Each structure stands twice: as C-alpha cells, then as structure tokens.
Amino acid sequence: MLQNKFEFEYEVYNDISELTEKDAWLLAEARTVTENAYAPYSNFHVGAVAMLSNGEVVAGTNQENASYPVGICAERVLLGNAATLYPGVSIETMAISYNSNTVKSDHPISPCGMCRQALLEYETRVKKPIRLILSGMEGKIQVIKAANTLLPFAFTPGELI
Ligand code: THU
1185 MLQNKFEFEY EVYNDISELT EKDAWLLAEA RTVTENAYAP YSNFHVGAVA MLSNGEVVAG
1245 TNQENASYPV GICAERVLLG NAATLYPGVS IETMAISYNS NTVKSDHPIS PCGMCRQALL
1305 EYETRVKKPI RLILSGMEGK IQVIKAANTL LPFAFTPGEL I
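1185 is the number of the first residue of the sequence shown in my numbering; add one for each residue after it.
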C-alpha cells in the first residue's frame, strides 16, 4: 500500500494595501464589476476580472435566470469572454470578489466545483496556469498560484484521446 498526500501553498494578505499595485488594481476592478452582476435570486453579486498575457483585461459577472440552473457564474462568463475575444491567449491572473446585501463580504470565496473544472481546462488549452486573487469587498485576500491546484484528481481532456 502506498500512502499519498496532496497539499498546496497559498498566500494570505490582511487587506488590499499589502498587494502589489498591479494586483490591487485587478482586485479593485473585480470589486467594482460586481455591480454588473445579475443576481436577483441569490442577491450574491460576483465579479471576476483577469489580466491576460497580452495585456488585455477581461471581466465576467454572474448572470442568473428565473429558471435557476440556467444561471452562470462570473468565472465562466469571464472564460467565455476571454476565449472569444482573445483566442489562445493565456490568463495571467484572475481576481474574484463578491458583494451582497444579505451576507457580509469580508472574506475570500473560491470558485465552485464547475468553475474549477472550467478553469482547469482553460489552463490546459493555453498551457499556462491561472493565478487567482480571492477576496470579498474588504478583509483578507488569498492568492493561489494555479487554479488547477483547487481540483486535485481532475478529469482532464487527455482522458478522451
Ligand atoms: N457564483 C459565482 O458567480 N462564482 C462563484 O465563485 C460562486 C458562486 C454565483 C452563482 C450564483 O449566481 C450565485 O453566485 C450564488 O451561488
């Protein structure tokens, strides 16, 4: 029997003032773009903004629907935008934030399982990891070097070839 272990490291910052200027700008943009979310059912407004390796910036917000399962998360809206506007271009860093009038936005949230799968496949497609900056409208910030570390034992495109 072989005992294996999976672990990953991530950084924690106390607030936005501890980030580099570039990271702080991206997070501030993600916080602002939460205003464009359409979340009348959950009241949970998520914003994601990414810096691409070609210097372009793309954003996404969650878009809900009266037929609940039709709704889509901010992260996957962003990935669709990036792939459509700048095909083949890698994403260097994605900042994700949220705002709500029903719950506090004072700690990081991390992408849902479906978004983790989508993020991993984007990384695979362009052969570059996506760095994540996770935070609410205030408070602590987590920085993760590669989105794929959030999905160990992932089902990958390689299985289908
Ligand atoms: N949501 C996101 O957009 N991203 C996340 O990382 C977590 C959840 C959305 C989906 C739904 O519209 C609302 O937040 C509540 O789950």
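We treat Cβ as the ideally placed atom computed from N, Cα and C, and that holds for glycine.
In this text the structure is predicted, and so the values were computed from the model without any measurement.
Check, Outcome
"Simplified DSSP state of Tyr1252, which is helix, strand or coil", "helix"
"The ligand THU heavy atom lying under 6 Å from the CB of Glu1219", "no"
"DSSP state of Gly1272 mapped onto helix, strand, coil", "coil"
"Residue range of the unbroken beta strand (DSSP E) whose run includes Met1298", "Per DSSP, Met1298 belongs to no beta strand (DSSP E); it is in the alpha helix (DSSP H), 1297–1310."
"Inter-residue Cα distance where the pair is Glu1322 and Asp1290", "5 Å"
"Residues passing the C-beta test against the ligand THU heavy atoms, cut-off 6 Å", "Ala1223, Ser1226, Phe1228, Val1230, Asn1246, Glu1248, Gly1255, Cys1257, Ala1258, Glu1259, Ile1293, Pro1295, Cys1296, Cys1299"
"Interface flag, Ile1314 vs chain C, CB-CB below 7 Å", "Protein chain content of the structure displayed is limited to a single chain, and chain C is not contained in it."
"Short Cβ contact (7 Å threshold) for Val1230 with Ala1208", "no"
"Unbroken beta strand (DSSP E) run spanning Val1230, endpoints", "1228–1236"
"Outcome for His1336 when other beta-carbon atoms lying within 10 angstroms are tallied against a minimum of 16", "First, the amino acid is wrong: residue 1336 is Pro here, not His. Exposed, because fewer than 16 other Cβ atoms sit within 10 Å of the Cβ of Pro1336."
"Glu1195, DSSP secondary structure in three states", "strand"
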